[in-house]
Structures are given as structure tokens and as C-alpha cells.
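Colleague: Protein sequence lines, in the order shown, are assigned to chains A and B. Reminder that position 219 of the first sequence reads as 219 in this note's numbering, one-by-one numbering, no gaps. To convert, count from 1 in the second sequence and add 1000; that's this note's numbering. One structure follows; several queries about it will come next.
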Amino acid sequence: MISWTDWSSALLEAIADPERHAPSANLGLSAAGLAVYRNNYRVGLIDTLAYAYPVLGQLVGEEFFRALAREYVKRHASHSGNLHRYGAAFGDFLDSFEHVRHLPYLADVARLEWHVHRSYYAADATPPDLAVLATLEPERWGELRFGLADDVAVVASPWPIATIWLAHQPDSGVPLPERLGDHAETALVTRSAGTVKVERLDPATAAFLLALQQGAMLEAATNAALQPDPSFDLQALLGQLFERALLSSIQLPGGPS
Amino acid sequence: MSLSRLPRCAGIGLRAPHYQQVLQQQPELGWVEVHSENFFDGGQPLAMLHRVAERYPLSLHGVGLGLGSPQRPEAGHLASLQRLVDALEPAAVSEHLCLNHSATRFVNDLLPLPYTRDALDAVSAHVAETQDALRRPILLENLSSYVEYPGNEMHEGEFLAELVRRTGCGILLDLNNLYVNQVNLGTDVDAVIAALPPEAIGEIHLAGYSERDGLLVDTHSQPVYAAVWQLYRTTIARLGPRPTLIEWDIDIPPLDVLCGEAAKAQAILQERHHDLVD
């Protein structure tokens, strides 16, 4: 008799990876019973992706979306008992999937949707302690690192991803751009009063926030913003970021980066 | 801490489409149950749940810990559950007696495990570890199963009873699951229920199944079927009133329909209550 642990592992493989793991007779699995679990596994993960990527579903149609999701499920196993974390690499998958090469913006829209999905579930931000600023001479403030709150993300793309996303929200009143290749956009994802919001960033704010997201120090982030817009107003932007609770940490120089 | 502080009346499984409506209308419900994992990351769902918990007794029902797996429960998952339990102090916490992962694989489902003495040793340790982390007993739910380990040394009821004896956990008795197993696998429902220590049964689940290729599948997509209502009546007559939940997870109906099903369960609980008083 096969041991309980070997049987358990074999059952999991037979469900999740049917192409490589045809069950052997000693598992005693009925074909109809195994089919129920294989179907649950596939449909459950496809539904999970459909829930996380609603705009993608609208862009390509439900049937084609489910076919894409099915291919993703074949390539990407679940690694958590919490399904809300499944599907993070869908954008990367779309980049590499030849059947969507004629829709080059799709992968970036997917990356934006993933951040929207994660923002909804992200913990509430705790505002950073401004008192730490007093411990540092003002001439060294350029060495500070500001961390974005968990519900905040910045996504840059050569495609108008924010406009595409907004155009697919009910009652947004935002029309789809006529030619998708016309302009690059950087999208800001935030959550306020429970609702996730996507907005288009101007080039300087985009450069600044992307730099912060990548862990840059304040001076480097400011220099990045000054390139597209020499009149970039750091103080005004920081004021807005604090007012909207988009920052959650301030790291002093010498701290871990 | 007691197995459950849920009232001995009927409640509903609260799912995302009904969050707002329940908060606004506050229907008469004995209690509500939610899936723990939907609130692990906090954010907006957790803020909503805090408001629900101010109005109704709350049960946290986990679908992802997989205590019947050969591997220990995933540390991060258990820590998330612990944070949630600490934050909400729910009236009951439950999980499934199921397999869902190995060292290399996760299947987000509720799979049957081998009911053997070796498995019992491992699963007892997993349950104890979970209860230690949560600092409270949990209820474990029996499964609907479509396959079986060919070398079972006991049935699911005996396995659960032994877990209760070893760990002090309680039981969440799902009658739809038992009925589905009776039809699909020929499970002896009376034998399973008879094996369970009555005082350990802290909650009952009712739901509807659907039919697929000659099997009854526990889809939670339908009203409770007549045969399951009958099983519920006889079970309540045997055990006395227990907190009872209506579960509906696919093709979720309007809230009224769900509350109507809960009212049916409530009527059966009250019949029994009058019997007791008479």
C-alpha cells in the first residue's frame, strides 16, 4: 500500500499537472473523481485571474481571456493557500506569449491591474514620523529615502495604460484614445476611502515617484524630476504626497536601502 | 476558551456581493461567517469586516491552511490568520480537515487525506500547532470527497473524533458534504455522525450541490436540497440546537434568498427548542 504521504503528494501532482502526472493505478483514484478536482483547480485559478484582471477581460473578450488564463495556469502553479496572491506574473506571461503580440499594450495594462488588485487589499498606510527630520541637518535631507505606502504604486508604460484603464471603468466618461500608440503614460495607483483610483501623472511627478519606488534618495529623485520639467516644485509635491498619505516611511541616511 | 461562542441559531456565509447591503439593511441574522483568507491583507475588506463584527457575532472560516497535508501549515498563512483572529476576536474559528499542499505543490481546494494512524499523528500535531498559535480551539470541518485513499484504516468520523480527543478541537459538521459522500462514495452517514462526540460539534453547515457526470458536486451553488433538510432535522433532533450556517459561493443569489434559507433552518431549530421546552 502506498504511504499516506506519497499518496497525498501524488494526488496533488495529478490534479495540478495532469500532462506530466498521469496517476498510477495504486493511487486508487476514480477518473470521474479526479476530473472534479482537476476542473476545480483549473476553473478556480482562471476565475481568480478574471477577478484580478477585469479590464483585460473587457479588452480581449471573456472567451479569449479565459483561453489566455488557461495557458497561464498551465505555466504558473499556485504557491499559497491565499488565492488573492495568485496571478502576479500575468503581465510578464503576456509579454512572452506570441498569440497576443498584436496587442503590445496588454502586458502593461495587466501590470497596472495587478497593482490595482493589490492596492485594494493593501494594509492601511501609517503616516511616517516627521520628527525624524529634526534629527538631520537640513543640508543632508537630499539623502533621505521616502517609501511609498502599501496601497500606492507607479506603473510606467510606452502605452496610454491609465487612459485605457479609466476608459473601461463604468461611468468614467473617459473615451478610449483613437490610436493607442500615440503617447506613453505613467499611472499612479492609490486607495482612498476604500476605492482604488488610477490617475495619469505628469512627466516630472512620474519621474520623481518612480525614483522613490525604486528606492532612490530624495536628491536623485528630484534630479530625475527636473529633467522633464526644470520648474519642478519639490515642496509642493511633497506637501501633496503627505496630505494624501501616499508616503509611509522616511529613512535616514545610513539606514538599510 | 470555549469551542464556539456562536449563538445556537441560523446565520449566513457573507460574501463580497452582499457586504454593503448587509451593513446598510442589517437584516435579522443570528450570526455571519466569512472566509478568513479574504481579509488576510487587511485593506478595505478588513475595514468592512470590523463594521460587520460590531453588529453580528462573527465566525472566521479558513479554506487555505490545509491541516491534513503531510507538511506543516505554512508559517506565513498561520501568522496571517493569527493576526486576523487577534484583531477581530471572532465567536468561532474553523478550518477544514483537508489536504492542500506538499513541499512543492499547492492546490487551492479541500482534498481528502488518508485516514490512517500515521496521518492522525501528523495532523494532530498540525492542529495543536494551530491552536497554540491562535491561543484557542478551532472547529474542523468534514469534507465532500470525490476520491479516496485505498488504504483507509478508519472513516472520517473516527478520524475527527480522535483529533478531538487528542487536541481538544471541535467539529464543524457539514451535512451537505456528508450527503454528497453518501451518494458518491456510499459513505455511511449515520456511522460518521455516531462516531462524533456530540459535545464537540460546535457548528453545522448546510448548502446546495450540483450534478456533474453522475457525481454530486459540492458547489454551494443551489438552495439546500430536501434530503439535506431531512438529514438536518434528524441531526438537530439527535444533538439539540447548534449554530447553523447557510453557505452559497457560486451564482450567489439576492440577499433575501439567502436569508430565506437561513429562516428555514431557524424554524427547524425552533421546533426543536419547543420540543425541549415541552
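Where a beta carbon is used, it is the ideal one built from N, C-alpha and C, also for glycine. Keep in mind it's a predicted model, so treat the numbers as computed, not measured.
Counting pairs of Cβ atoms below 8 Å between the region 213-233 of chain A and the region 1099-1115 of chain B, do you hit three or more?
Modeller: Contact between the region 213-233 of chain A and the region 1099-1115 of chain B is absent, because fewer than three Cβ pairs lie under 8 Å.
Colleague: On the CB-based measure, 16 or more other CB atoms within 10 Å of its CB, does L188 (chain A) come out buried or exposed?
Modeller: Here residue 188 (chain A) corresponds to residue number 188 of the first sequence, with the count starting at 1. Flag for L188 (chain A) reads buried.
Colleague: For the alpha helix (DSSP H) holding E63 (chain A), just list the boundary residues, first then last.
Modeller: What you label residue 63 (chain A) is simply residue 63 of the first sequence in a count that begins at 1. Where E63 (chain A) is concerned, the enclosing alpha helix (DSSP H) stretches over 62-75.
Colleague: Does any residue of chain A have a CB that is nearer than 9 Å to the CB of R1166 (chain B)?
Modeller: Walking along the second sequence from the start, residue 1166 (chain B) turns up at place 166. With 9 Å as the cut-off, R1166 (chain B) does not count as an interface residue toward chain A.
Colleague: Short of 8 Å in beta carbon distance, which residues of its chain neighbour S257 (chain A), apart from the five on each side in sequence? Order them along the chain.
Modeller: By 1-based counting over the first sequence, the position of residue 257 (chain A) is 257. Legend: pLDDT at S257 (chain A) = 49, less than 50; position of this residue unreliable, value from coordinates given subsequently. R145, G215, Q251, listed in sequence order.
Colleague: Could you have a look at L1139 (chain B) and say whether DSSP puts it in helix, strand or coil?
Modeller: The residue given as residue 1139 (chain B) occupies position 139 in the second sequence. In the structure shown, L1139 (chain B) sits in a strand (DSSP, three-state: E or B).
Colleague: Can you tell me which of A:A31, A:Y72, A:V152 puts its alpha carbon nearest to the alpha carbon of S249 (chain A)?
Modeller: Here residue 249 (chain A) corresponds to residue number 249 of the first sequence, with the count starting at 1. Nearest C-alpha to S249 (chain A): A:V152.
Colleague: Locate the beta strand (DSSP E) running through G1096 (chain B), then write down its first and last residues.
Modeller: Residue numbering aside, residue 1096 (chain B) sits at position 96 when the second sequence is read from its first letter. The amino acid occupying residue 1096 (chain B) in the given sequence is His; Gly does not appear at that position. Segment 1092-1096, the beta strand (DSSP E) holding H1096 (chain B).
Colleague: Quick one: what's got a C-beta closer than 6 Å to V1277 (chain B)'s C-beta in the same chain, skipping five residues either side?
Modeller: One-based indexing of the second sequence puts residue 1277 (chain B) at position 277. Per-residue confidence for V1277 (chain B) stands at a pLDDT of 48, beneath the threshold of 50, marking its modelled position as unreliable; the derived number appears in the next sentence. There are no such residues.
Colleague: Taking the beta carbon of V73 (chain A) as the centre, do at least 16 other beta carbons fall within 10 Å, making it buried, or is it exposed?
Modeller: Mapped onto the first sequence, residue 73 (chain A) falls at position 73. Looking at its Cβ environment, which holds 16 or more other Cβ atoms inside 10 Å, V73 (chain A) is buried.
Colleague: When the Cα atoms are used, what is the spatial distance from V1127 (chain B) to L1067 (chain B)?
Modeller: To locate residue 1127 (chain B), count along the second sequence from 1; it is residue 127. To locate residue 1067 (chain B), count along the second sequence from 1; it is residue 67. V1127 (chain B) and L1067 (chain B): Cα-Cα distance of roughly 7 Å.
Colleague: Do E1033 (chain B) and L1060 (chain B) have their C-beta atoms closer together than 9 Å?
Modeller: Indexing the second sequence from 1 puts residue 1033 (chain B) at position 33. Indexing the second sequence from 1 puts residue 1060 (chain B) at position 60. Contact: yes.
Colleague: For the ligand SAH, any of its heavy atoms closer than 8 Å to the Cβ of A221 (chain A)?
Modeller: Among the ligands in the structure shown, none appear at all, so the ligand SAH cannot be discussed.
Colleague: Which residue wins for smallest C-alpha separation from Q1044 (chain B), given the options A:T195, A:Y41, A:L29, A:L12?
Modeller: Here residue 1044 (chain B) corresponds to residue number 44 of the second sequence, with the count starting at 1. For the residues A:T195, A:Y41, A:L29, A:L12, the minimum Cα distance to Q1044 (chain B) belongs to A:T195.
Colleague: Out of A:A236, A:Q227, A:E243, state which residue places its alpha-carbon closest to the alpha-carbon of P128 (chain A).
Modeller: The residue you call residue 128 (chain A) lines up with position 128 of the first sequence. Checked all of A:A236, A:Q227, A:E243; the closest Cα to P128 (chain A) is A:E243.
Colleague: Taking a cut of 9 Å between CB atoms, which residues from the region 1092-1109 of chain B lie near chain A?
Modeller: For the region 1092-1109 of chain B, the set of positions with a beta-carbon nearer than 9 Å to some beta-carbon of chain A reads L1099, N1100, H1101, S1102, A1103, T1104, R1105, F1106, V1107, N1108, D1109 in chain order.
Colleague: Looking at the structure shown, is N1152 (chain B) part of a helix, part of a strand, or coil, going by DSSP?
Modeller: Translated into the one-based positions of the second sequence, residue 1152 (chain B) becomes position 152. It is coil, neither helix nor strand.
Colleague: Could you tell me whether any Cβ in chain A is nearer than 9 Å to the Cβ of F1159 (chain B)?
Modeller: Within the second sequence, residue 1159 (chain B) is the residue found at index 159, counting from 1. Closer than 9 Å: no.
Colleague: Can you tell which of A:R42, A:A52, A:L241 has the C-alpha that lies nearest to the C-alpha of L18 (chain A)?
Modeller: Position 18 of the first sequence, counting from 1, holds the residue named residue 18 (chain A). The displayed chain sequence assigns Pro, not Leu, to residue 18 (chain A). For P18 (chain A), the nearest C-alpha among the options comes from A:R42.
Colleague: Just verifying my parser: in three-state terms, what is the DSSP assignment at V1217 (chain B)?
Modeller: Walking along the second sequence from the start, residue 1217 (chain B) turns up at place 217. Residue state, collapsed to three classes: strand.
Colleague: Considering only their Cβ atoms, is the gap separating P1150 (chain B) from I2 (chain A) smaller than 9 Å?
Modeller: Start at 1 with the first residue of the first sequence, and residue 2 (chain A) comes out as number 2. Start at 1 with the first residue of the second sequence, and residue 1150 (chain B) comes out as number 150. It is a contact, given that the beta carbons lie within the stated cut-off.
Colleague: Using the DSSP secondary-structure output, state which residues sit across from L1245 (chain B) in a beta bridge.
Modeller: Here residue 1245 (chain B) corresponds to residue number 245 of the second sequence, with the count starting at 1. In DSSP, L1245 (chain B) forms a bridge with B:G1011, B:H1205.
Colleague: Using a Cβ-Cβ cutoff of less than 8 Å, which residues in the same chain neighbour S192 (chain A) once the five nearest sequence positions on both sides are dropped?
Modeller: For the purposes of this step, residue 192 (chain A) is taken as the residue at position 192 of the first sequence. Here the set comprises R244.
Colleague: For R1166 (chain B), which of helix, strand or coil comes out of DSSP?
Modeller: Here residue 1166 (chain B) refers to the residue found at position 166 when the second sequence is read from its first residue. Helix.
Colleague: How is T186 (chain A) classed by DSSP in three states: helix, strand or coil?
Modeller: Position 186 of the first sequence, counting from 1, holds the residue named residue 186 (chain A). When secondary structure is reduced to three states using DSSP, T186 (chain A) falls in the strand class.
Colleague: If we cut at 9 Å on Cβ distances, does S3 (chain A) have a partner in chain B?
Modeller: Position 3 of the first sequence, counting from 1, holds the residue named residue 3 (chain A). Chain B, which has a Cβ nearer than 9 Å to the Cβ of S3 (chain A), makes this yes.
Colleague: Let me see if you follow: with CB-CB separation under 9 Å, is S257 (chain A) close to chain B or not?
Modeller: Walking along the first sequence from the start, residue 257 (chain A) turns up at place 257. Low confidence applies here, because S257 (chain A) scores a pLDDT of 49, under 50, leaving its location unreliable; read the following figure in that light. No, its Cβ sits nowhere closer than 9 Å to a Cβ of chain B.
Colleague: Could you spell out the range, first to last residue, of the beta strand (DSSP E) harbouring G147 (chain A)?
Modeller: Sequence index remark: in the first sequence, residue 147 (chain A) carries index 147 (1-based). G147 (chain A) -> beta strand (DSSP E) spans 145-148.
Colleague: Quick check on R1212 (chain B): does DSSP put it in helix, strand or coil?
Modeller: If you number the second sequence from 1, residue 1212 (chain B) lands on position 212. DSSP places R1212 (chain B) in strand when its eight states are reduced to three.
Colleague: Buried or exposed: G91 (chain A), going by 16 or more other Cβ atoms within 10 Å of its Cβ?
Modeller: Numbered from its first residue, the first sequence carries residue 91 (chain A) at position 91. Its Cβ being crowded by 16 or more others within 10 Å, G91 (chain A) is buried.
Colleague: At the 9 Å Cβ level, is A1087 (chain B) part of the contact set with chain A, yes or no?
Modeller: One-based indexing of the second sequence puts residue 1087 (chain B) at position 87. With 9 Å as the cut-off, A1087 (chain B) does not count as an interface residue toward chain A.
Colleague: Which residues of the region 72-92 of chain A have a Cβ closer than 8 Å to any Cβ of chain B? Give them in chain order.
Modeller: A77, S78, H79, S80, G81, N82, L83, H84, Y86
Colleague: Please classify G181 (chain A) as buried or exposed, where buried requires at least 16 neighbouring CB atoms within 10 angstroms.
Modeller: On the first sequence, residue 181 (chain A) is found 181 positions in, with the first residue counted as 1. Burial call: exposed.
Colleague: Could you tell me which of A:Y37, A:E219, A:F93 sits nearest to W114 (chain A), measuring between CA atoms?
Modeller: Your numbering for residue 114 (chain A) matches position 114 in the first sequence. Selected option, being the one with the closest Cα: A:F93.
Colleague: Using only CA atoms, which one of A:D47, A:L212, A:R70, A:V155 lies nearest to G147 (chain A)?
Modeller: Locating residue 147 (chain A) in the first sequence gives position 147, where the first residue counts as 1. With distances taken between Cα atoms, G147 (chain A) lies closest to A:L212.
Colleague: Could you tell me whether any Cβ in chain E is nearer than 9 Å to the Cβ of S8 (chain A)?
Modeller: Considering every chain present, this structure includes no chain E. Its protein chains are A and B.
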